[in-house]
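Under this note's numbering, residue 883 is the last one in the sequence shown; the count climbs by one each step, no gaps. The next block holds one structure in the form of structure tokens; read it before the comments.
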Amino acid sequence: MLLTSQCMDITSLIMPQIAKAQVRLLVHGLLIKYWEEIGEVDEDYAPIHTYQVCRVMEQNQNNWLHTNWILTEGAQRVFIELKFTLRDCNSLPGGVGTCKETFNMYYYETNGDEDEMEDGEMRDGVGITEEEDRAMKESRYIKIDTIAADESFTELDLGDRVMKLNTEVRDLGPLNRKGFYLAFQDLGACIALVSVRVFYKRCPFLVKSLAEFPDTIPGSEASQLVEVVGRCVNNSLPLYEPPRMHCSTEGEWLVPIGKCVCQPGFEEINRSCQVCKVGFYRSLLESLACSKCPPHSVARQTGATVCSCEDGYYKIDSDPPNMACTRPPSGPRNAISNVNETSVFLEWSIPMETGGRKDVRYNILCRRVLPDGRGLEECGPNVRFLPRRSHTNYSFLLEAVNGVSELAKDHAKQYVSLNVTTNQAAPSPVSVVRKGHTGKSSIALSWAEPDRPNGIILEYEIKYFEKEQDSSYTIIKSKDTEMVVEGLKPSSVYIFQVRARTSAGYGAFSRRFEFQTSPYLYFSATTRGSVSVFTCVLRCGYSKAKQDPEEEKMHFHNGHIKFPGVRTYIDPLTYEDPNQAVHEFTQEIDVSFISIERIIGAGEFGEVCSGPLRLPGKREIQVAIKTLKAGYTEQQRRDFLWEASIMGQFNHPNIIRLEGVVTKSKPVMIITEYMENGSLDTFLKKNDGQFTVIQLVGMLRGIASGMRYLSDMGYVHRDLAARNILVNSNLVCKVSDFGLSRVLEDDPEAAYTTRGGKIPIRWTAPEAIAYRKFTSASDVWSYGIVMWEVMSYGERPYWEMSNQDVIKAVEESYRLPGPMDCPEALYHLMMDCWQRERSNRPKFDEIVCLLDKLIRNPSSLKKLVNSSHR
14 MLLTSQCMDI
24 TSLIMPQIAK
34 AQVRLLVHGL
44 LIKYWEEIGE
54 VDEDYAPIHT
64 YQVCRVMEQN
74 QNNWLHTNWI
84 LTEGAQRVFI
94 ELKFTLRDCN
104 SLPGGVGTCK
114 ETFNMYYYET
124 NGDEDEMEDG
134 EMRDGVGITE
144 EEDRAMKESR
154 YIKIDTIAAD
164 ESFTELDLGD
174 RVMKLNTEVR
184 DLGPLNRKGF
194 YLAFQDLGAC
204 IALVSVRVFY
214 KRCPFLVKSL
224 AEFPDTIPGS
234 EASQLVEVVG
244 RCVNNSLPLY
254 EPPRMHCSTE
264 GEWLVPIGKC
274 VCQPGFEEIN
284 RSCQVCKVGF
294 YRSLLESLAC
304 SKCPPHSVAR
314 QTGATVCSCE
324 DGYYKIDSDP
334 PNMACTRPPS
344 GPRNAISNVN
354 ETSVFLEWSI
364 PMETGGRKDV
374 RYNILCRRVL
384 PDGRGLEECG
394 PNVRFLPRRS
404 HTNYSFLLEA
414 VNGVSELAKD
424 HAKQYVSLNV
434 TTNQAAPSPV
444 SVVRKGHTGK
454 SSIALSWAEP
464 DRPNGIILEY
474 EIKYFEKEQD
484 SSYTIIKSKD
494 TEMVVEGLKP
504 SSVYIFQVRA
514 RTSAGYGAFS
524 RRFEFQTSPY
534 LYFSATTRGS
544 VSVFTCVLRC
554 GYSKAKQDPE
564 EEKMHFHNGH
574 IKFPGVRTYI
584 DPLTYEDPNQ
594 AVHEFTQEID
604 VSFISIERII
614 GAGEFGEVCS
624 GPLRLPGKRE
634 IQVAIKTLKA
644 GYTEQQRRDF
654 LWEASIMGQF
664 NHPNIIRLEG
674 VVTKSKPVMI
684 ITEYMENGSL
694 DTFLKKNDGQ
704 FTVIQLVGML
714 RGIASGMRYL
724 SDMGYVHRDL
734 AARNILVNSN
744 LVCKVSDFGL
754 SRVLEDDPEA
764 AYTTRGGKIP
774 IRWTAPEAIA
784 YRKFTSASDV
794 WSYGIVMWEV
804 MSYGERPYWE
814 MSNQDVIKAV
824 EESYRLPGPM
834 DCPEALYHLM
844 MDCWQRERSN
854 RPKFDEIVCL
864 LDKLIRNPSS
874 LKKLVNSSHR
């Protein structure tokens, strides 16, 4: 922010009052060296002083004007504003010795303690001439710039009393000493220096979010941000971390991080912390205001941080402060037993009174009735049965408890008693499992009945998993003693276990049996037009062929059931608690390992910055930092981290890599690898015609490889476009922007469909527009559009056609024409991607194999659809 008032008298330069104190004047006066000081008045007859020189009639001019010593006051970068007039050399009369229309500006840094000599002084007792003194001083000055006039005046302007005033501003830095001198050198111009302002900018004192930030002088570099730690004021404390802001060279506060909040027992009202009233409390820094005490609790003094429970009511340490005080539950109701040979099923209704809590659980005391009326003994941790004993009597005591039952010592326990009798033992374990025919993805198994079935075998349960992967297993049920297990990986070792079930229940699993599948790799070729597409597939997956139609098959992974097929991507929205998905799929990064250096853009939820990530034991890397803006709702926080929960499941060189998240401090951040060249569409526009065809095909191959990986994972992107592809310094393209694949409401490329919601029409397959049928095949259509964008160097698909015109044209079989200089083989692939029937479109693995073949045979790219002379 520059001063609006002018200081016309440059010998005094009175500093005006400035409300925000962002600009500070430094200069105090000038020393004349061969310039003339002229006293004049302005149009309001106010006195002004100018310095003039116009010795154009003489040769070899070297006229200097020096300022007094200027104290920097700690500023490392200052600004110099000059106002001046300059005579047009062509308007001067003939016989001019020399004439220029520029002058030079210099500076000299000093701490002010050197032996500065004035005219006529002695140096070491030896007198020096004025010329020697002047030359000695001028030799120490460093040139800032040559100043030229935008407008010069003529003799006619003088007659009309028109002053053509020029204004030039230069910055100077970095400055390392206490002060400096300025000097102006005239080499033969006709010039009048009207005003000189020397000033610096600073970030003013600021109170924000209950934190004080002092008046701060910016750094020396134009792009440098000075980090300033704020001081919490007025009974406040830092929330997670001390508040920080960054002072820019323009004197602006930027990138607020963290904040202060009122300490417990206080609340923020009118930007100050005020004590909580009687009957109210505040214990969490995250909460904004004092809250009324929850039911069955009281706060009898001001400034309460917790509320005390009334008599007969209790809380445990893990209960949140806003939870009501509670009591133990009453006893269970309507208890019944159901005996299934060796299994006893107990059922009961919840207590009439739960005590106000949801953590009701039940204690069951199991006691076995000893023979001949010898009393009862506890069952112990494992109930075991002797094969020859057919009947056993048991007694059960059932009690309901909750989180505060242990605190209520005087609460009378309420039990429910049950007596039951069991009979018949479960089958013994299967002792032998044999391997039959082994295929590339299947193994035939057979086994004998248990030695002691103890009844009729109703079915068998087969459990299997890949060796060393026992946390992810599959269970299949069969009524026979043999079966073929399919859907296995070739050349892989699997562990199998079998157990039997009778009406008495399941027996124990057999010991582990280890079998291996056969290796198998096959090649297939399909032909479209003149282009052969070779697909190499390592067969794996699940097929129902040769399996009992009644057979059940379930997959388990870390406690989650997964159904048959190749899909391994887990939608974070399927988690009841979204924070669990964030915890499972992302890595928490301590905010102290991250430094924000500059802002590189704006995202859907806040600013996007960049800076170094320094993890312990690892080399420093540059990262992109997405921040969640302040004042967010819980839903916005979930939506923001939703993208990280998706990215954290991917690991591929052509998928943007998630480094981690920051959720335990504010602002909440998503940290990803930094892509130096930004989005693909913008990068191509900036470098139009600068790449070879092989380089462009290499970019397309990388995108297709990333999409093949996503397709194999079972993930549909929905918004594949060049704007959502990022490019690094090595021209590696990576698929990104997984958040917009769900929420496209703010996308300027989106348009409403008849079924509601917004989708990017120009990149979307017809079935996805009409029926919202998004699949990997619809992603292939979008990939064809991306190919067109790449080969046209970022041109807009369908140009200026409206979205409705695009929908109508595509429905009428219109397709984008081949871009200029596009190889025919690539355009044929685009057309295949735009097949109306999605089943006719190529798969991403076919696309990758075709592009690999084109790269290996560059001659196949020579035939063009249409050519131009770029």
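Positions of the beta carbon are idealized from the N, C-alpha and C atoms, including for glycine. For clarity, every value in this text was computed on a predicted model and none was experimentally measured.
Span of the beta strand (DSSP E) around residue i
{"i": "VAL373", "result": "First-last for VAL373: undefined, no H or E at that position."}
{"i": "TYR867", "result": "According to the sequence as given, residue 867 is Leu; it is not Tyr. Premise fails: LEU867 lies in the alpha helix (DSSP H), 857 to 869, not in any beta strand (DSSP E)."}
{"i": "VAL674", "result": "671 to 675"}
{"i": "ALA457", "result": "456 to 460"}
{"i": "SER285", "result": "285 to 288"}
{"i": "GLY449", "result": "446 to 451"}
{"i": "MET720", "result": "From DSSP, MET720 is part of no beta strand (DSSP E) but of the alpha helix (DSSP H) over 706 to 726."}
{"i": "ASP199", "result": "192 to 199"}
{"i": "ARG651", "result": "ARG651 -> not in any beta strand (DSSP E); alpha helix (DSSP H) instead, spanning 647 to 660."}
{"i": "TYR213", "result": "204 to 214"}
{"i": "THR515", "result": "506 to 515"}
{"i": "ILE270", "result": "266 to 270"}
Cβ-based burial, residue i [other Cβ within 10 Å; buried from 16]
{"i": "TRP48", "result": "buried"}
{"i": "PHE193", "result": "buried"}
{"i": "TRP812", "result": "exposed"}
{"i": "LYS885", "result": "The displayed coordinates of the chain run from 14 to 883. Any statement about residue 885 would go beyond what the structure contains."}
{"i": "LEU586", "result": "exposed"}
{"i": "ILE155", "result": "exposed"}
{"i": "SER258", "result": "Note that residue 258 is Met in the sequence shown here, rather than Ser. So MET258 counts as buried."}
{"i": "VAL445", "result": "exposed"}
{"i": "THR530", "result": "buried"}
{"i": "LEU839", "result": "buried"}
{"i": "PRO855", "result": "buried"}
{"i": "ARG736", "result": "buried"}
{"i": "ASP199", "result": "buried"}
{"i": "MET365", "result": "exposed"}
Endpoints, alpha helix (DSSP H) assigned at residue i
{"i": "ALA161", "result": "Segment 155 to 161 is the beta strand (DSSP E) holding ALA161; no alpha helix (DSSP H) there."}
{"i": "LEU693", "result": "693 to 699"}
{"i": "PRO779", "result": "779 to 784"}
{"i": "TYR840", "result": "837 to 846"}
{"i": "ASN592", "result": "591 to 598"}
{"i": "ILE798", "result": "789 to 804"}
{"i": "ALA822", "result": "816 to 824"}
Residues of its chain near residue i, where Cβ-Cβ distance is below 8 angstroms and the 5 sequence neighbours each way are ignored
{"i": "ARG370", "result": "THR339, PRO342, ASN415, GLY416 and VAL417"}
{"i": "VAL311", "result": "GLY292, CYS320, SER321 and GLU323"}
{"i": "ALA822", "result": "TYR811 and MET814"}
Residue i vs residue j beta-carbon contact at 9 angstroms
{"i": "ARG183", "j": "ILE61", "result": "no"}
{"i": "LEU884", "j": "ILE684", "result": "What the structure shows of the chain is the stretch from 14 to 883, and residue 884 is not part of that stretch, so it cannot be assessed."}
{"i": "THR229", "j": "VAL239", "result": "yes"}
{"i": "GLU610", "j": "GLY624", "result": "yes"}
{"i": "LEU188", "j": "PHE97", "result": "no"}
{"i": "ILE738", "j": "GLU686", "result": "no"}
{"i": "LEU195", "j": "ILE51", "result": "no"}
{"i": "PRO466", "j": "SER523", "result": "no"}
{"i": "MET682", "j": "ILE607", "result": "yes"}
{"i": "GLY715", "j": "PRO666", "result": "yes"}
{"i": "THR487", "j": "SER459", "result": "no"}
{"i": "ALA421", "j": "TYR327", "result": "yes"}
Chain-order list of residues whose beta-carbon lies under 7 angstroms from that of residue i (same chain, five-residue window excluded)
{"i": "GLU263", "result": "LYS214"}
{"i": "ASP372", "result": "ASN415 and GLY416"}
{"i": "SER261", "result": "PRO231, LEU238 and LEU267"}
{"i": "ILE774", "result": "ALA764, ILE782, ASN816, VAL819 and ILE820"}
Other residues of its chain near residue i: CB distance less than 6 angstroms, five sequence neighbours each side excluded
{"i": "GLU472", "result": "LYS490, LYS492 and ARG514"}
Stretch pair the stretch 697 to 711 + the stretch 650 to 664: three plus CB contacts closer than 8 angstroms
no
Decide yes or no for the touch test of the stretch 675 to 691 against the stretch 706 to 723: beta carbon pairs closer than 8 angstroms, at least 3 of them.
no
Would you call the stretch 729 to 746 in contact with the stretch 833 to 850, where contact means no fewer than 3 C-beta pairs closer than 8 angstroms?
no
Tell me, please, whether the stretch 245 to 253 touches the stretch 278 to 286 by the rule of three or more beta-carbon pairs shorter than 8 angstroms.
yes
If contact is defined by three or more beta carbon pairs under 8 angstroms, each pair taking one atom from either stretch, is the stretch 803 to 811 in contact with the stretch 783 to 792?
no
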